[in-house]
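Numbering (our numbering), first residue to last: 582 to 849.
Backbone N, C-alpha and C define an ideal beta-carbon position, used for all residues, glycine too.
Pasting the structure below:
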């Protein structure tokens, strides 16, 4: 089967346990890109949090694209042309913020410029996220958030046991209204209902005139499920969750064993 477009998750997939791209993975991705295959990083991170990897992999060409915010934004990396974008409204913000307080979880809000939190006792995982994605962190009371903001996603973040308890309290009408996904043990992401990595991959493939059968998606965690289920070839990393492994068509080695390179070398 010919593969023309590959969507690759970053954390736990592209990056090893030291948050590095291994020499073998880097060389394989260059070979794939040079052959005409679209290499698309597909991540829950905001755009500022992926620029280092895009630069390292030389993915700022005329025909390079990136999927960020768990599928909320698809754009060209060089021109910044937006292929698709889904945001949350101000009313969504108010509803989600109130819900987080009801269920007892820390929360932060992300737009294209910064991470905002109304929690005076700023959660350590909010600080971690700001550091990880290289975005400024701002304390902003609820009444200081304004309707003109372009909110791309919100995240309940807390210690795993606290977060799991909070999630268990969410009413069905709330979870049905949004795309919700637990991307790590301490992150629960809330997005526009139309936003997902799978929908983003489908939008980009359509834009490029590439069929579903000609796509591949590689990932390791729950927020990768939709793109793995959509892709013609869904690939689970060796370190993936069991649900991702069950959904995938094939399994490769772990992120510490050049898993991305191992699977791509079979299709270049």
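Asked	Found
Residues sharing a beta bridge with residue 770, DSSP	736, 762
Cβ neighbours of residue 833 in the same chain (closer than 8 Å, five flanking residues each side left out)	799, 816, 817, 818, 819, 840, 841, 843, 844
CA nearest to the CA of residue 741, picked from 686, 588, 674, 776	686
Rounded separation between residue 788 and residue 657 - CA only	11 Å
Contacts around residue 659, its chain only, beta-carbon distance under 7 Å, and the 5 residues preceding and following it disregarded	641, 642, 643, 645
Rounded straight-line distance, which links the Cα of residue 805 to that of residue 678	25 Å
Spatially closest choice to residue 586 from 763, 664, 617, 718, by CA coordinates	617
Cα-Cα separation between residue 608 and residue 846, rounded to whole angstroms	11 Å
Reduced DSSP category for residue 797 - H, G, I as helix; E, B as strand; rest coil	strand
Burial state of residue 663, where buried means 16 or more other Cβ atoms lie within 10 Å	exposed
contact_flag[the segment 735 to 753, the segment 713 to 722] where n(CB pairs < 8 Å) is 3 or more	no
Nearest-angstrom beta carbon gap, residue 812 and residue 782 [assumed within contact, 8 Å]	7 Å
Neighbourhood of residue 769 by C-beta distance below 8 Å, restricted to the same chain and skipping five residues each side	686, 736, 737, 738, 744, 747, 748, 761, 762, 763
Residue 671 in three-state terms, based on DSSP	helix
Per-residue burial, residue 734 [other beta carbons within 10 Å of its own, 16 or more giving buried]	buried
Distance, residue 765 Cα to residue 653 Cα	18 Å
Residue 767 to residue 828 span [Cα, whole Å]	23 Å
Alpha-carbon spacing of residue 786 relative to residue 793, whole angstroms	7 Å
Complete alpha helix (DSSP H) runs within the segment 669 to 708 (minimum length 4 residues, chain order)	671 to 684
For residue 831 and residue 801, believed in contact at Cβ under 8 Å, the rounded distance	Not really, about 14 Å apart at Cβ, beyond 8 Å.
Span of the beta strand (DSSP E), counted from its first residue to its last, around residue 664	663 to 666
Rounded C-alpha distance that separates residue 633 from residue 731	24 Å
Beta-bridge partners of residue 649, as assigned by DSSP	654
Residue 638 versus residue 752 - alpha carbon distance	42 Å
Exposure of residue 626, with buried meaning 16 or more beta-carbon neighbours within 10 Å	buried
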